Amino acid sequence: MQPELNIVALVSVGQHPKSGRARRAEQDARAVELGLRLSGEKVQVLHAGDVAEESLRSYAGMGLKQLRVLQQSAGADASLALGDYLSEHQPDIVLTGVRAESGESSGMTPYLLAEKLGWPLVTRIADIAKIENGEAEILQALPRGQRRAIKVRLPFVASVDNAAEAPRQSAYGPGRRAQLEPLPWVEAADEVRASFDEAPARKRPKRLKMVKAKTAAERFKAATAKSQGGGGRIMKDEPPREQAQAIFDLLLEEGVLR
Amino acid sequence: MILDWLLPVLLLSVLALALAGAVRRVSLWRAGQPSPVNIISGLMAMPRRYLVDLHHVVERDKYMSNTHVATAGGFVLSLVLILLVHLFGIESKLLAWALLASSVLMFVGATFVYKRRKNPPSRLSKGPWMRLPKSLLVFSATFFIITLPAAGILPEGFGGWVLALILAAGVVWGLGEMVFGMTWGGPMKHAFAGALHLAFHRRPERFGGGRSTGLKPVDLDAPVLGVQKPTDFKWNQLLGFDACVQCGKCEAMCPAFAAGQPLNPKKLIQDMVIGLAGGTDAKFAGSPYPGIELGNAKGGPDSTITEGLVNPDTLWSCTTCRACVEECPMMIEHVDAIVDMRRFLTLEKGNTPGKGAEVLDNLIATDNPNGFEPGSRMNWAADQNLKVMSEVKEADVLFWVSDGAFDMRSQRILRAFVKLLKAANVDFAVLGDEERDSGDVARRLGDDATFQSLAKRNVAVMNQYRFKRIVTTDPHAFHVLKNEYGDFGGHYEVLHHTTFINELVKEGRIQLGAHKGGTVTYHDPCYLGRYNGEYESPRELLAALGIQVAEMERSGFRSRCCGGGGGAPITDIPGERRIADMRMEDANATGAELVAVGCQQCTAMLEGVVEPRPEVKDIAELVADVLVESAEPASRKRDELAVEVA
């Protein structure tokens, strides 16, 4: 535990996939859990939205004394308010989920915040193993249970993956008693969002998988094999210019740059 | 003669000490939370509660009930007469003779206590309890001899100073155990605390043949939810713990104890006594919690129970089957205490073990324990063409489907029951997607907040519609709807499906053939039997099918739990055996080929036992199998329609 660390976990209002009811978002709750394990009750949990939102109590029930809410109306751009607040308070670590369960759910918040703060962003982390001398050792979650060890200098933004430790149970009593502290905050309407049309998702037809494997051993191999990118190229020893050119060409080819 | 002046002095000083002990003990109980009782009417009702209700429980063991009547009756009578004869010095031959008689009665009783203690069963506590029969003998014999001169049988001063000294020692021992020990924590404490416990019982409805099994709601605005420290219990709960005689009948019946899970109801109650008085369990002289050594538990009135006194696993091992409560001659409420402490663990600590947290989250988010889509609750009945309350608004019977709707095995029970309802032309409807989990599991896992939320919403939905009664195939929902929704404005007539089908059969509304097959035994679900007293309807129904039930050794009010109650399959505390396996052994011992059940949880638990084992079927399925379907009801329907049209 690093009591002197200033960690902020950002939480949103989640949505249950079956009932659509507001709840504690799974990844955000993992961010709070990670924060609690790193700095105990001192972790600051921050939400931009409505202080009257009941589901915030389920984050508080994880053992928070208080939860700060930047007051924003429904159509406001939360990432702007959060960015303002964070650049004003300059914490050491900002933890977010990978993607919100409700609203736009674009997964852009951590990127926008990192850009605004000018800090590095580590995506999809599973754990923060150690923080020493202003440097954090982070485990990043990769597909198929793989992990990548990364070292990052504080301060940084990290989005917490589902692979991180499951959040502790939320207790009703402490959740009720925790203080939800509303902070009136400047808000800017999210105009892009306002122009969106929302409609329930349609189920897309699923492509049937051809099972080629004949034996259990083959099926196991197929299930555990690393996905092999076919078209990639590893450039290690080429001069930087050549490497950059290759990236540029690829981006053009894929239509990212035009 | 020294006894002439010594005896009154001894009597007076022991009485004074006992009074001081009583004041101290009462103050320990009063440290608990307020709980309103009617002191006068409670005390007035006490003798009847003792002589009738308590004796009714003790009488299940004839040996012990006769022994207790002789010993306790003899003692109370003797004590009163001793005070009259030896303290107030009333010189009456009649009183002296009466005292002789009562001490003989007590002596006879005490010899039987002594005999029982020669080879005590493991459920009995040893330690000071092994001393008690000797103390009883000494007390009765001493006062018998001392009273002989007063009765004019022997001359004054017989036996000289040697006998006088021996008698003085006997008086000190006898009075010390029987009077001083009563209020200072000796074995006789049970008489003092027990009498008051009967007078101020938290569930007075239980006396006079009544039943009170619904859990009491938590005040969700309280500063601490549930019981953290012994003083968070209601004062009369503390008093109840103190009344324990350590007879271990609860231990002998507890399914979790038998399964080697770390729970022993007797030890738990004694731990509560340690909690209210302070101390350790080093001197506890009974069976420990399986797998937990004695001597390490420590507690006090203001220390957190689950930190040092009781391991949380002990509390989570309970299946809330109420076998201990049913068996307790002192009418102690073990289950209330366990759920009270669970409430603290869940609502304050967020420490529900196993799958508890997941189940509670699902209940909050989807109103069912497995997180299924709330809108898919009626999928099981897609082909059943059931009336839904939101459309018809009114029906004779509201069929409470319960969460069995999501489980394929339980759906077979539901279908069988619907088949019977239709055959009997019952006007019934279901709530459909408006139904929610009854809240049973949430409440027993200690999450009263979620229970109350579910209960309030269910009550609000049901109160929109008009129906005469509710019928359900799930005894847990049955119990909750019947006994626990009242606190939230839901007062209904609720029937279990076996009761309802039995009515239909008696009224001749369904025709049944005879059951074919071998021996059948019946497993009483706890929430139907012990919680609601319904033992007869299922048996009558089975008899109507031509089945002669081969009863298990433990059946009726002594039925052994299947292990599925109280959220036990969710918290899943490890033991040495599985409760369901033990229950299936009970069934096997009857040679049954089929176990009839009236509960989907029991069905799931018993079917989870590995084969070979008897088949498990709900009574609704058994009845539906032999239903004689006639064409007559359909034609009658057509006639009714014709009348309506005309």
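Line order of the protein sequences matches chains A and B. Under this note's numbering, the first sequence has 167 at position 167, and the numbering climbs by one with no breaks. If you count the second sequence from 1, you need to add 1000 to reach this note's numbering. Note that CB positions come from ideal geometry on N, CA and C, so glycine has one too. In this text, all values refer to a predicted model and were calculated from it rather than measured experimentally.
Between residue 1022 of chain B and the set B:1257, B:1184 and B:1487, the nearest pair of CA atoms involves B:1184.
Listed as beta-bridge partners of residue 66 of chain A by DSSP are A:179. Chain-ordered, the chain B residues with CB closer than 8 Å to the CB of residue 174 of chain A read 1348 and 1350. The beta carbon of residue 1454 of chain B does not come within 7 Å of any beta carbon belonging to chain A, so the residue lies off that interface.
Inter-residue distance for residue 1036 of chain B and residue 1202 of chain B is about 9 Å (C-alpha atoms, whole angstroms). At least one beta carbon of chain A lies nearer than 7 Å to the beta carbon of residue 1365 of chain B. In the three-state reduction of the DSSP assignment, residue 121 of chain A falls in the strand class, which pools E and B. By the neighbour-count definition (other C-beta atoms within 10 Å, threshold 16), residue 1330 of chain B is a buried residue.
Interface residue (Cβ-Cβ distance to chain B less than 7 Å): residue 202 of chain A is not classified as such. Three or more beta-carbon pairs separated by less than 8 Å link the stretch 154 to 163 of chain A to the stretch 81 to 99 of chain A, which places the two stretches in contact.
Restricting attention to alpha helix (DSSP H) runs no shorter than 4 residues, the stretch 1088 to 1145 of chain B encloses them at 1093 to 1118, ordered along the chain. Looking at the backbone, the Cα of residue 1166 of chain B and that of residue 1010 of chain B are separated by about 15 Å. Interface with chain B (7 Å Cβ-Cβ cutoff): residue 23 of chain A is included. Per DSSP, the continuous beta strand (DSSP E) segment holding residue 1522 of chain B begins and ends at 1520 to 1522. Here residue 1602 of chain B is near residue 1525 of chain B, since their CB atoms are less than 7 Å apart. Counting C-beta atoms within 10 angstroms of its own C-beta, residue 27 of chain A has 16 or more neighbours from the protein chains shown and is therefore classed as buried.
Interface criterion met: the Cβ of residue 169 of chain A is under 7 Å from a Cβ in chain B. The residues 1269, 1272 and 1273, in chain order, have a CB closer than 6 Å to that of residue 1241 of chain B in the same chain once the five nearest residues on each side in sequence are set aside.
Taken through DSSP and simplified to helix, strand or coil, residue 98 of chain A comes out as coil. Taking a Cβ-Cβ threshold of 7 Å, the residues of chain A close to residue 1372 of chain B are 18, in chain order.
Residues of chain A whose Cβ lies closer than 8 Å to the Cβ of residue 1447 of chain B are, in chain order, 172. Annotated as distal: residue 1492 of chain B and residue 1393 of chain B, with beta-carbon spacing of 7 Å or more. Nothing from the stretch 1491 to 1516 of chain B brings a Cβ to less than 9 Å from some Cβ of chain A. For residue 1596 of chain B, there are no neighbours in chain A by C-beta distance under 7 Å, as the nearest C-beta there is about 35 Å away. In the three-state reduction of the DSSP assignment, residue 89 of chain A falls in the helix class. The criterion of a C-beta distance shorter than 7 Å is not satisfied by residue 1402 of chain B and residue 1460 of chain B. With contacts defined by Cβ atoms closer than 7 Å, residue 1428 of chain B and residue 1397 of chain B form a contacting pair. DSSP, reduced to helix, strand and coil, places residue 1596 of chain B within a strand of the structure shown.
A Cβ-Cβ distance of about 7 Å is found for the pair residue 1447 of chain B and residue 1347 of chain B, placing them in contact under the 8 Å criterion. DSSP places residue 1435 of chain B in the coil class of the three-state scheme, outside both helix and strand.
Considering only beta carbons, no part of the stretch 1535 to 1557 of chain B lies closer than 9 Å to chain A. Per DSSP, residue 137 of chain A is one residue of the beta strand (DSSP E) stretching across 135 to 141. Residue 1321 of chain B and residue 1262 of chain B do not touch by the CB rule: their CB atoms are close to 17 Å apart, not below 8 Å. Under a criterion of Cβ atoms nearer than 9 Å, no residue of chain A is adjacent to residue 1215 of chain B; the nearest Cβ is some 16 Å distant.
Spatial neighbours of residue 1598 of chain B in its own chain (CB-CB distance under 6 Å, excluding positions within 5 residues in sequence) are listed in chain order as 1498, 1525, 1528, 1538 and 1619.
In terms of beta-carbon proximity, residue 1442 of chain B stays away from the interface with chain A, with every pair separated by 7 Å or more.
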